[in-house]
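The structure under discussion appears below in the form of structure tokens.
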Amino acid sequence: MTSKMYAIQAPAFDAAVTYQPPTTNSTPDHPPVHTVNLEAACEAKKKIVHNLPTKCEHCHTPFNAPNCVVELVKTGDVMAYCRGQGGCGRSQVLFVGVKTSVPRYRKVCVFKHNISCYEPNEAISLPSNIHALHGITPHETICDTCSQRYDAHPTGYDHNGWLEDGFDQLELPADWPVFRDGKFVS
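Just so we're aligned: the sequence shown equals residues 27 to 212 in our numbering.
Next up, the structure:
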């Protein structure tokens with residue numbers, strides 16, 4: 027039963043990979059790459075909204091109740107809900123929404139410090155090495171690369187030193203289908 031439920035939704039997720047492939051990892055020279063093909067996503071969404079299902083794929087109950095097919099405002103996913111009399115109440119993803127904001131990155135220094143004083147084989151004298159005991163870098167530790175203190179050093183970067191610095195908003199195509207008043211319009 028579970029595999030059937032996922033098989034029913036597989037086309038939506040398979041299509042999403044074509045217009046919004048997984049993010050590529052960063053390298054020391056290039057930040058992660060987020061690729062979104064809004065034209066392909068628009069065509070995939072049009073294909074779905076012009077051929078909306080008329081019955082539940084799980085139990086085959088007709089979609090004759092109000093709001094059986096909706097677009098989720100937060101994600102842009104198009105969902106079908108089995109709300110008909112005697113229906114199973116399950117949902118089905120018809121279209122996976124597109125992320126319309128893409129992160130912008132900047133390169134920062136990756137904090138490095140000679141940690142020989144934190145070797146696990148050395149005797150730890152308390153309380154002077156209490157930070158080492160708990161695996162915490164003391165705030166006053168200086169980065170060997172940029173000479174900044176640990177508490178002033180950038181954080182939140184990936185292993186190659188790429189830090190999210192903001193977001194760029196992508197513009198949807200003019201003919202992007204939108205859900206209004208219980209139906210989709212282009």
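Just so you know, even glycine gets a beta-carbon here, dropped at the ideal spot from N, CA and C. Note that the structure is a prediction, hence the values are computed from the model and not measured.
Residues bridged to residue i by DSSP?
| i | result |
| --- | --- |
| T50 | V59 |
| A106 | V95 and Q118 |
| F210 | F205 |
| K133 | W188 |
| I168 | R175 |
| F39 | None; F39 has no bridge partner. |
| K81 | P88 |
| Q111 | Q111 pairs with nothing; no bridge assigned. |
| S127 | Q195 |
Within this structure, are the beta carbons of residue i and residue j separated by less than 9 Å?
| i | j | result |
| --- | --- | --- |
| V128 | D103 | no |
| V136 | T171 | yes |
| F39 | V122 | yes |
| L78 | T126 | no |
| P203 | V75 | yes |
Looking at C-alpha atoms only, which residue of the options is the closest neighbour of residue i?
| i | options | result |
| --- | --- | --- |
| G208 | A91, P47, K138 and D184 | A91 |
| V211 | H179, V59, N140 and K73 | K73 |
| P88 | V75, V95 and G110 | G110 |
| G115 | T163, C85 and V62 | C85 |
| N93 | P37, C108 and K138 | C108 |
| R175 | H165, D184, Y183 and T181 | H165 |
| Y183 | T44, S29, A33 and N51 | N51 |
| G130 | T80, M105 and G192 | For the record, residue 130 in the displayed sequence is Arg; it is not Gly. Answer by Cα proximity: G192. |
| P57 | K138, Y45 and V134 | V134 |
| A41 | I34, Y32, A67 and T49 | A67 |
| S117 | V95, T101 and D194 | V95 |
| T44 | C82, D55 and L64 | L64 |
| K81 | T163, D177 and G112 | G112 |
| D201 | M105, K71 and K138 | K71 |
Quick test of your reading: residue i and residue j, contact by CB under 8 Å. State the CB separation rounded to the nearest angstrom.
| i | j | result |
| --- | --- | --- |
| R132 | L196 | Actually they are not in contact, since the Cβ atoms of R132 and L196 sit about 20 Å apart, beyond 8 Å. |
| V124 | V62 | 6 Å |
| E97 | F205 | 4 Å |
| N186 | T53 | 6 Å |
| I162 | E83 | At roughly 52 Å, the Cβ-Cβ gap does not stay under 8 Å, so I162 and E83 are not in contact. |
Is the shortest distance between the beta-carbon of residue i and the beta-carbons of chain C less than 9 Å?
| i | result |
| --- | --- |
| P180 | Reference to chain C is not applicable here, since this structure consists of a single protein chain. |
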